[in-house]
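Trainee:
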Amino acid sequence: MNDCEDEQRTCHYRGKWFGFGTVRDSEHVLFAVFQDTPHAESSLTEKSFTSNLINTSESLARVSYVTSSVFDRCIVRDRNVLGIASAHVSSIRMRRADIKLNAITKKVRAICIVDQVVPGDCEGHAAMGYGEETAGQGISEAQIGKIRKNIRMDLANEFSAIIPTEQHQWPWHVGVLARVDGYGEI
Amino acid sequence: MSSTTRTTFLAMAAASASVIFVLSVDLSETQILYMVSYQALVKDSVSGTRNYIIKPSVIASRLAELIAAERLIAKIDKVNVAIADAATHDAMIMVRRVKLGGTPHILLSDDGILALQWQRGEYGVALLFAGDGVASISFRRPGQFYAENGIDVPIYDDLPASFNEALAAMLV
Numbered sequence: 138m139n140d141c142e143d144e145q146r147t148c149h150y151r152g153k154w155f156g157f158g159t160v161r162d163s164e165h166v167l168f169a170v171f172q173d174t175p176h177a178e179s180s181l182t183e184k185s186f187t188s189n190l191i192n193t194s195e196s197l198a199r200v201s202y203v204t205s206s207v208f209d210r211c212i213v214r215d216r217n218v219l220g221i222a223s224a225h226v227s228s229i230r231m232r233r234a235d236i237k238l239n240a241i242t243k244k245v246r247a248i249c250i251v252d253q254v255v256p257g258d259c260e261g262h263a264a265m266g267y268g269e270e271t272a273g274q275g276i277s278e279a280q281i282g283k284i285r286k287n288i289r290m291d292l293a294n295e296f297s298a299i300i301p302t303e304q305h306q307w308p309w310h311v312g313v314l315a316r317v318d319g320y321g322e323i
Numbered sequence: 768m769s770s771t772t773r774t775t776f777l778a779m780a781a782a783s784a785s786v787i788f789v790l791s792v793d794l795s796e797t798q799i800l801y802m803v804s805y806q807a808l809v810k811d812s813v814s815g816t817r818n819y820i821i822k823p824s825v826i827a828s829r830l831a832e833l834i835a836a837e838r839l840i841a842k843i844d845k846v847n848v849a850i851a852d853a854a855t856h857d858a859m860i861m862v863r864r865v866k867l868g869g870t871p872h873i874l875l876s877d878d879g880i881l882a883l884q885w886q887r888g889e890y891g892v893a894l895l896f897a898g899d900g901v902a903s904i905s906f907r908r909p910g911q912f913y914a915e916n917g918i919d920v921p922i923y924d925d926l927p928a929s930f931n932e933a934l935a936a937m938l939v
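Here the protein sequences line up with chains A and B, keeping their order. Numbering of the first sequence is given in our numbering, commencing with residue 138 and proceeding in unit increments. Numbering of the second sequence is given in our numbering, commencing with residue 768 and proceeding in unit increments.
1. Would you verify that the beta carbon of Q911 (chain B) is, or is not, closer than 8 Å to some beta carbon of chain A?
2. Do A298 (chain A) and T271 (chain A) have their C-beta atoms closer together than 8 Å?
3. When DSSP builds the beta bridges, which residues end up paired with K153 (chain A)?
4. What does DSSP give as the partner residue(s) for M265 (chain A) in the beta ladder?
5. Under a three-way DSSP split, which group does T204 (chain A) fall into?
6. Just checking, does the stretch 188-204 of chain A make contact with the stretch 152-164 of chain A on the three C-beta pairs under 8 Å criterion?
7. Just the chain A side, please: which residues come within less than 8 Å of G898 (chain B) by C-beta, in chain order?
8. In three-state DSSP terms, what is Q145 (chain A)?
9. Taking only three categories from DSSP, how would you classify I840 (chain B)?
10. Can you tell me whether S163 (chain A) is helix, strand or coil according to DSSP?
11. To be precise: take each residue of the stretch 229-263 of chain A, compare its Cβ to all Cβ atoms of chain B, and keep it if any distance is under 7 Å. Which residues remain?
12. At 9 Å on the CB atoms, spell out the chain A contacts of E915 (chain B), in chain order.
13. With a threshold of 6 Å on Cβ separation, who are the neighbours of D291 (chain A) within its own chain once the five nearest residues in sequence on each side are excluded?
14. Compare the C-beta of S795 (chain B) against all C-beta atoms of chain A and say whether one is closer than 8 Å.
15. Residues of chain B with a CB under 8 Å from the CB of S188 (chain A): which are they?
16. Quick one: give me the first and last residue of the alpha helix (DSSP H) that V920 (chain B) is part of.
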């Protein structure tokens, strides 16, 4: 069974001919840190991530496709942004969690990243969430809670230090258009 | 502590028979926080959301006070309040017994799970509490991640040597 089936198909609300396609392992993603986002000095902590991870709707921006103006308009909106933290998609997808089931320990995907775009999102929006099997059958609620907290602690370590948005190298608008669906990637 | 604060606190404490045992000791700011938290826990137990009362003897270590303070300020989803209270209770029992060193991050998330995390660079060790009477130990080292290993220890048992070694290595 594939833990992250939604990674294999586009999750754009308008269908597969829209957006930038599935999130590739080679991409980087950004996590926006707002004034009310818990963090420790310049690092994310497990508390930086919300319960949106449960239904794979923790927002990310795809570095290759989100320009500075799109970030301000669609992601920051009127909130106070402190900065951004970035991570490599493949590093996050490589993370596994141990699930103890009676006599055996099973390794399952910890985090899935999908190209989820819903009305109001920018085209370069992505989302991450726990792998389905982190809450599989036969696992107690207490165990699920601990597994997921460990996952969030690992996730916090996968992201870079928080930097001000002006220090990030945003793609040019023309460059973003040239990267549609992976073709003509610069 | 200012005399005004002390007076206010003493008045508050005197109003509650459940906290009268602390009136004879010199109180720090942290202890005041703890007392407020303690009162909240007692209140919860009376209102039926939690079926225990923390005994005064549990109030021992500074880390336990900080855990109680974290419980006081943490935003917990309503449905997970009982888990958070039980996890706090378990953590306080354990930290009082095993006398942990260093200054861990105290992470109580909205799902009610409490973690004590010591991390330095690539190395880390964490104790996780979910209120089930078990502390789960996780390690982080190069090539090893918190979610990929773990040892479960009942809160009344001794912590394994691997935990003590990992913690000692980080506190050097």
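The beta-carbon is built from N, C-alpha and C at its ideal position, and this holds for glycine as well.
Mentor: Taking the structure as given:
1. As a first step, residue 911 (chain B) must be located in the second sequence, where it is residue number 144. Chain A contact via Cβ: absent.
2. To locate residue 298 (chain A), count along the first sequence from 1; it is residue 161. To locate residue 271 (chain A), count along the first sequence from 1; it is residue 134. In this structure, T271 (chain A) does not lie closer than 8 Å to A298 (chain A) by Cβ.
3. Working through the first sequence from its first residue, we reach residue 153 (chain A) at position 16. Paired residue(s): none; K153 (chain A) is not in a bridge.
4. As a position in the first sequence, residue 265 (chain A) is number 128, starting the count at 1. Beta bridge pairing from DSSP links M265 (chain A) with A:E195, A:I250.
5. In the first sequence, counting from the first residue as 1, residue 204 (chain A) sits at position 67. In the three-state scheme derived from DSSP, where H, G and I count as helix and E and B as strand, T204 (chain A) is classed as coil.
6. Contact between the stretch 188-204 of chain A and the stretch 152-164 of chain A is established, with three or more Cβ pairs separated by less than 8 Å.
7. Here residue 898 (chain B) refers to the residue found at position 131 when the second sequence is read from its first residue. Within chain A, the residues near G898 (chain B) are A279.
8. Sequence index remark: in the first sequence, residue 145 (chain A) carries index 8 (1-based). DSSP places Q145 (chain A) within a helical segment (H, G or I) once states are collapsed to three.
9. Locating residue 840 (chain B) in the second sequence gives position 73, where the first residue counts as 1. In the three-state DSSP reduction, I840 (chain B) falls in the helix class (H, G or I).
10. In the first sequence, residue 163 (chain A) corresponds to position 26, counting from 1. Residue state, collapsed to three classes: coil.
11. Listed in sequence order: R232, R233, A234, D235, A247.
12. For this step, residue 915 (chain B) is matched to residue 148 along the second sequence. R232, R233, A234, D235, K244, A247, N287, D291, listed in chain order.
13. As a first step, residue 291 (chain A) must be located in the first sequence, where it is residue number 154. Closer than 6 Å at the Cβ level, and outside the excluded window around D291 (chain A), lie R232.
14. By 1-based counting over the second sequence, the position of residue 795 (chain B) is 28. Here S795 (chain B) scores only 43 on pLDDT, less than 50, and its place in the model is too uncertain to base an answer on.
15. Numbered from its first residue, the first sequence carries residue 188 (chain A) at position 51. Going along chain B in sequence order, the residues near S188 (chain A) (Cβ under 8 Å) are D844, D877, D878.
16. Here residue 920 (chain B) refers to the residue found at position 153 of the second sequence. First-last for V920 (chain B): 918-921, but that is the beta strand (DSSP E), not the alpha helix (DSSP H).
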